[in-house]
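Everything on this sheet refers to the single structure shown next.
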Amino acid sequence: MSQRTTWEYATIPLLTHNTKAILDSWGVDGWELVTVLPGPGGGDQLVAYLKRPAA
């Protein structure tokens with residue numbers, strides 16, 4: 003019987019001038035980017051949604 007993966011999720015605000023560094027920092031900790039969507043405040047604010055296998 004195969005074991006099902008359990009995920010944990012995070013949402014983080016992205017600063018448009020530093021996006022790569024922010025995502026690289028989370029990626030080092032095992033987080034995978036799922037999507038990026040506009041933030042609830044509108045404008046240039048973006049929110050990244052990430053996931054990684056739960057410990």
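FYI, the numbering for the sequence shown is 3 to 57, going by the working numbering.
Glycine is no exception: its CB is placed at the ideal position from the N, C-alpha and C atoms.
This one's a predicted model, so the numbers in the text were calculated from it and none came from an experiment.
Beta strand (DSSP E) segment containing residue i, residue limits
| i | result |
| --- | --- |
| L16 | W9 to L16 |
Three-state secondary structure assigned by DSSP to residue i
| i | result |
| --- | --- |
| A50 | strand |
| P40 | strand |
For residue i, the residue or residues it bridges with in DSSP
| i | result |
| --- | --- |
| L35 | L52 |
The alpha helix (DSSP H) enclosing residue i, as first and last residue numbers
| i | result |
| --- | --- |
| S27 | T21 to V30 |
Backbone CA spacing between residue i and residue j [nearest angstrom]
| i | j | result |
| --- | --- | --- |
| T63 | Q5 | As shown, the chain starts at 3 and ends at 57. That puts residue 63 outside it, with no answer to give. |
| S27 | G43 | 24 angstroms |
| T21 | Y11 | 19 angstroms |
| G32 | P55 | 8 angstroms |
| V30 | A57 | 16 angstroms |
| G45 | L35 | 21 angstroms |
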